[in-house]
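Written out below as structure tokens is the structure these notes cover.
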Amino acid sequence: MTTASLPPAWSDGLLVCKQVHDVTADVRTFVFEPTEPRLFRHDPGQFLTLVLDIDGHPVERCYTISSPPTRPDLVAVTVKRVPGGLVSNWLHDRLAPGTTVRARGPLGQFSLARHPAPKYLFLSAGSGVTPMMSMTRTLYDLAHPVDVVFVHSARTFDDIIFRRELEFIAAAAPHIRVVHLLDDRGEQLNAERLRETAPDFLQREVFTCGPLGYMEAVRRMLSAEGFDMAHYHEESFTFAASAVPEHDTGQGYKVEFTRSGRTIDCDAGTTVLAAASRAGITLPASCAQGMCGTCKTTLLSGSVDMQHNGGIRPREVAHNKILLCCSKPLDHLVIDA
Ligand code: FES
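Counting in the numbering used here, the sequence shown runs without a single skipped number right up to 342 at its last residue.
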């Protein structure tokens with residue numbers, strides 16, 4: 006196939022599920038193909054937003070693409086079933102080959118393509134392995150001799166996601182070292198273990214993905230070791246990250262949510278989504294970074310400072326749409342949520 010005959014890049018559209026693989030007892034990979042001839046030209050580490058109809062309700066969730074852009078005909082997401090999780094359970098129970106879903110993307114900045122370096126350290130826990138897997142597969146497929154130390158933490162041996170494939174890659178490409186730490190063996194990631202595993206970690210570009218507590222511990226550990234955090238990158242789609250109180254300006258506003266009838270206080274230095282979460286109001290959100298559009302809603306009155314990352318279009322802004330995850334009040338607000 007010549008370059009001139011290549012299909013255009015896929016973005017924002019319909020995908021049909023082609024395959025479903027069991028990866029571990031509670032993790033599955035869903036492989037999709039575009040409904041029209043398109044190629045996936047994402048950066049490894051980027052994510053898709055799946056736009057689903059679950060029991061008549063529209064629901065959106067971000068999932069990191071686990072497949073590499075070097076295999077551009079198909080795209081895959083790898084999803085852990087979360088007890089009580091609306092979307093993960095729907096995907097595991099209902100998404101089968103032949104099912105069509107809508108998706109947006111690819112989106113996101115969490116990619117080695119945006120931070121080229123001679124040496125990387127990938128740190129992941131649980132399903133945080135997925136962006137690292139896309140990056141590792143990419144480096145392997147391209148025979149890129151970049152030096153990678155990949156330390157993944159799992160609960161037990163059987164919970165290691167992509168274990169066999171990672172073993173194969175590490176055996177075939179010795180410049181990619183893979184180390185698994187297992188909770189049930191008391192193997193925790195700490196500074197001593199990191200110094201043993203990657204003595205030159207201070208010189209590596211670090212990518213981290215996992216539960217919020219894990220990433221917080223990694224940040225603390227690296228900072229205490231004198232790591233230059235300009236070379237640190239992390240991602241999580243666990244919204245609680247932005248529920249942490251932000252910069253308190255002392256300038257308080259009222260935010261009224263018309264559908265729930267609740268009114269909360271929100272500081273001018275705090276996003277509406279974070280303030281709502283602190284007040285115990287759960288609103289649709291996914292990336293919490295102004296990228297995916299999941300938290301989009303209508304501002305009925307008031308004004309906000311919205312610093313988004315492409316998750317909303319100018320014409321939507323013109324129609325009073327805002328992204329709650331990256332909007333801070335400049336006034337008392339009334340919101341259609
Ligand atoms: Fe993704 Fe707000 S949660 S844009």
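Note that beta-carbon positions come from the ideal geometry of N, C-alpha and C, so glycine has one too.
Residues near residue i in its chain [Cβ-Cβ closer than 6 Å; skip 5 each side]
i, result
"M234", "none"
"E210", "H120, A122, Y125 and H236"
"D336", "G307 and S308"
Any non-hydrogen atom of the ligand FES within 6 Å of residue i CB
i, result
"S241", "no"
"T276", "no"
"A290", "yes"
"C271", "no"
C-beta atoms of residue i and residue j nearer than 7 Å
i, j, result
"C300", "L338", "no"
"G50", "M140", "yes"
"L304", "I327", "yes"
"L100", "F35", "yes"
"T69", "P136", "yes"
"T263", "D341", "yes"
"L128", "V223", "yes"
"G285", "G316", "no"
"F115", "H313", "no"
"V183", "A196", "no"
Selection from the options that minimises the alpha carbon distance to residue i
i, options, result
"G257", "C292, R318 and K333", "K333"
"T29", "I340, T83, D58 and G295", "T83"
"S228", "C214, F206 and I59", "F206"
"V56", "G90, S71, S72 and G110", "G110"
"D58", "L79, V106, D78 and D31", "V106"
"A159", "V153, V134 and I181", "V134"
Cutoff 7 Å: residue i Cβ touching any chain C Cβ
i, result
"A342", "Here there is only one protein chain, and chain C is not present."
Same chain only: Cβ atoms within 8 Å of residue i, ignoring 5 sequence neighbours per side
i, result
"R33", "V25, H26, D27, T83, V84, R86, L96 and H97"
"T104", "V21 and C22"
"A245", "Residue placement at A245 is poorly supported in this model, since its pLDDT is 43, which falls under 50; the coordinates are not used for a value here."
"V249", "Low confidence applies to V249: its pLDDT is 42, below 50, so where it sits in the model is not reliable enough to give any reading."
Closer than 6 Å: residue i CB and nearest the ligand MN heavy atom
i, result
"L194", "By its list of ligands, the structure shown excludes the ligand MN, since it contains just the ligand FES."
7 Å CB neighbourhood of residue i in its chain, flanking five on each side removed
i, result
"P73", "P49, S139, R142, T143 and D146"
"L79", "K23, V36, F37, E38 and S72"
"R46", "A14, P74 and P77"
Next on the checklist: To test your reading of the DSSP string, which unbroken alpha helix (DSSP H) runs of 4 or more residues are found completely within the stretch 125 to 177?
Outcome noted: Correct list: 134 to 146 and 168 to 177.
Item to check | Every unbroken alpha helix (DSSP H) inside the stretch 215 to 241 [4 residues or more] | outcome: The stretch 215 to 241 is shown to contain whole alpha helix (DSSP H) runs of 4 or more residues at 217 to 229, in chain order.
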